[in-house]
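As they're listed, the protein sequences go chains P and R. For the record, in the first sequence the residue sitting at position 55 is 54 according to numbering that gives the first Met the number 0, with numbers rising by one throughout. For the record, in the second sequence the residue sitting at position 256 is 255 according to numbering that gives the first Met the number 0, with numbers rising by one throughout. Glycine residues also receive a C-beta, built at the ideal position from the N, C-alpha and C atoms.
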Amino acid sequence: MNLSDLLLGALIALVCGLDRTAILQVMISRPIVAAPLVAWILGEPMIGLQIGMMVELLWLARLPVGAAIPPDDTQVAIAGSVLAINFSRVFAVQGGELLLLCLLVAIPLGKVGQYFDRFARQYNVRLLKRAESCLEKKNIFFAEMQHLRGLLSFSLAAVGTYVVILIGGFFLIPLLWPLVHEPLLDSSRLLQLALPLVGVAVILGTINVSRALTLFCASFSMAFLLMWLV
Amino acid sequence: MALTRKTRIHVWFRLLLLQGSWNFERLQGLGFFYALLPALKKLYRRNQLVTIGREYLGYFNTHPYLAPLVAGAVLKLEEERAAQQDLQVTIDDFKEMVAAPYAAIGDALFWGGLRPLAAGIALFFAAKGILWTPLIFLLLYNLVPLVFRLSGFVYGYHRGIRSVEFIQRRCLPDWAIHTKEAAVVVLGGFSAFLVFQHLQHDEMVSWVGLLALIPMILLGLIARKGISTLMLTLLTAIVIILLSMFWTDVTGLLVL
């Protein structure tokens, strides 16, 4: 394992994690951006692109509306890419099987991100109270600074999720790899097809459009027939 | 006293950090106070600023891309209040009046419509192995939000409480529906592309791909019942891995 890879991954996890809620929201936190970015920095951009493609649609239907917190697909994509790149070097394996195993381990661990994010938002209530008491004392500067301290709690939540997924991956992947290597050899291509399609199906099921099913079936069939004919 | 352009630009940049202290009690309240503080400091003396500041620390929540529209209008109202002009509506009432509807429109338009649409288009490039995909996604997605963030703030500041026309004139709720419909169409095409590519690679008969609609619709209906994506993903993966043990026999039937 390369420590510099893990630290670079943590840096990307921090920046992208902040973009998710706290700063900018220009969507560098989306898996299709974050995963290729970290993988490009680690010298394997195609691995990131493949992971980004599989994760991007999974939780896209879970909107960050009001107090709702979706699972942390940003850290799943980043940590999944870091794990896949490192283990492909350790096991000297090429191909999609190891990548899929890393992703299947990272996806459930992404749930941890929801809890960390919730903690950060609960902790930020204290900052609000402190800001109020600073205003009572007519200390406007410190009231203002409480807002910036919120960035720290979101940073910790992002990096914490990344670390949990990495630790989980480092324990589970070497254990699981010998067991699932053979079955994954036969199923990896179908799994790589299935993950984005599950994401599309969830979007289809939850998107609030009255004619979604009709539009989807029509465009699917039309595109499919055109590709078949051409 | 009118706020200088420099102060307004300062506020606009601070709005990019609006959700930095998002919390469960008052959501973006502290962030909105933080963003508007440079303007409030110009308009009020220290003692007044403390009283005004307490008002801003109350509950506030809207869509981050439409927050500049609210902030621009609030700045206008603050200028009028600081000049002791009669306000048609109090600032708190105005914030309360517009924040929730703007949030609903923004969520539907940007999170629910534009994001899947941009992702769907970008994923075509990803499926072709094009490494510029992240940049393509960022360009496709960010153009509209950036226009809203910039023009919303300017419009809000110039029109004050009449800035609600920004939403009405552009028929944004209708655009939200159109964007979602476009996203569904693009994702339909993308799914067909993935399935077709898979069948071609495995040299299987093409018409089988149309059957992929059945599990997708079933999964969509299950998702609508509230089953989590995580559960669906893991179940699908387990079923595929189990099936793969017999898969070579099945594919033999479907080879061209």
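Any residues in the segment 4-36 of chain R with a beta carbon nearer than 8 Å to a beta carbon of chain P? Which ones, in chain order? Correct list: Leu15, Leu16, Gln18, Gly19, Ser20, Trp21, Asn22, Phe23, Glu24, Arg25, Leu26, Gly28, Leu29, Gly30, Phe32, Tyr33, Leu36.
Select from P:Pro182, P:Gly198, P:Lys136, P:Arg188 the residue whose C-alpha is nearest the C-alpha of phenylalanine 263 of chain R. A query on residue 263 of chain R cannot be resolved here, the shown segment of chain R reaching from 0 to 255 and no further.
Arginine 148 of chain R CB to nearest chain P CB: under 7 Å? no
Step through the CB atoms of chain R and report whether any lies within less than 7 Å of the CB of tryptophan 176 of chain P. no
Please list the partners that isoleucine 216 of chain R has in chain P, where partner means a Cβ-to-Cβ separation under 9 Å. Within chain P, the residues Ala200, Leu203, Gly204, Leu212, Phe215, Cys216 have their CB atoms less than 9 Å from the CB of isoleucine 216 of chain R, given in chain order.
Which term fits cysteine 170 of chain R, buried or exposed, when burial requires 16 or more other beta carbons within 10 angstroms of its beta carbon? exposed
Have a look at alanine 217 of chain P and glycine 187 of chain R and give me their C-alpha separation to the nearest angstrom. 8 Å
For arginine 210 of chain P, tell me which candidate among R:Leu68, R:Val184, R:Ala72, R:Asn60 has the shortest Cα-Cα distance. R:Val184
Just checking: is the beta-carbon of histidine 146 of chain P within a distance shorter than 7 Å of some beta-carbon in chain R? Among the residues facing chain R, histidine 146 of chain P is included, as its CB has a counterpart in that chain under 7 Å away.
Own chain partners of valine 196 of chain R with C-beta closer than 8 Å, once the 5 adjacent residues on each side are dropped: The amino acid occupying residue 196 of chain R in the given sequence is glutamine; valine does not appear at that position. Ala126.
Looking at chain P, which residues of the segment 118-130 of chain R have a Cβ within less than 9 Å of any of its Cβ atoms? Residues Ala118, Gly119, Ala121, Leu122, Ala125, Ala126, Gly128, Ile129, Leu130.
Test item: CB-CB of alanine 157 of chain P and leucine 5 of chain P under 7 Å: Contact flag unset, no.
C-beta neighbour in chain P for arginine 223 of chain R, strict 7 Å: yes
Under 7 Å between C-beta atoms, does tryptophan 110 of chain R make it to chain P? yes
4-residue-minimum alpha helix (DSSP H) runs that sit fully inside the segment 39-102 of chain R, ordered along the chain: 45-55, 66-81
Who are the Cβ neighbours of threonine 178 of chain R in its own chain at under 7 Å, not counting the five residues just before and after it? Leu108, Gly112, Leu113, Leu116
For my contact list, leucine 36 of chain R and glutamate 131 of chain P are in at a C-beta cut-off of 8 Å; report their separation, rounded to the angstrom. About 15 Å separates the two Cβ atoms, so there is no contact after all.
Whole-Å CB distance - tryptophan 227 of chain P paired with phenylalanine 90 of chain P, under 8 Å assumed: Actually they are not in contact, since the Cβ atoms of tryptophan 227 of chain P and phenylalanine 90 of chain P sit about 39 Å apart, beyond 8 Å.
Counting only beta-carbon separations shorter than 7 Å, does leucine 10 of chain P have a partner in chain R? no
May I have the straight-line CA-CA distance separating leucine 217 of chain R from leucine 214 of chain P, to the nearest angstrom? 16 Å
When the Cα atoms are used, what is the spatial distance from arginine 25 of chain R to threonine 61 of chain R? 11 Å
Same chain, Cβ closer than 8 Å to glycine 159 of chain R, five either side skipped, listed in chain order: Ala72, Lys75, Leu76, Glu79
For the putative contact between threonine 160 of chain P and valine 111 of chain P, defined by C-beta atoms under 8 Å, what is the C-beta separation to the nearest angstrom? 6 Å
To the nearest angstrom, how far is the alpha carbon of leucine 255 of chain R from that of methionine 203 of chain R? Low per-residue confidence applies at leucine 255 of chain R: pLDDT is 49, beneath 50, and the placement is therefore not dependable, though the value from the model is reported in the following sentence. The straight-line gap from Cα to Cα measures roughly 5 Å.
So who's on the other strand from leucine 26 of chain R, going by DSSP bridges? For leucine 26 of chain R, which the question treats as bridged, DSSP gives the partners R:Asn22, R:Phe59.
Leucine 23 of chain P beta carbon less than 7 Å from that of leucine 149 of chain R: no
Could you name the residues of chain P that isoleucine 176 of chain R contacts, counting a contact when the two beta carbons are closer than 7 Å? Val208
Backbone secondary structure at glutamine 236 of chain P - three-state DSSP: Residue 236 of chain P lies beyond the residue range present for chain P, which begins at 0 and ends at 229; the question has no answer from this structure.
What does the Cβ neighbour count give for tryptophan 58 of chain P, buried or exposed, with the cut at 16 atoms within 10 Å? buried
Contact list for the segment 13-46 of chain P against chain R, Cβ threshold 8 Å: Result list: Thr20, Ala21, Ile22, Leu23, Gln24, Val25, Met26, Ile27, Arg29, Ile31, Val32, Pro35, Leu36, Trp39, Pro44, Met45.
Would you mind stating whether proline 195 of chain P and leucine 48 of chain P have Cβ atoms separated by less than 7 Å? No, they are not a contact pair.
Just to confirm before moving on: does the CB-CB distance between valine 97 of chain R and valine 69 of chain R stay below 7 Å? yes
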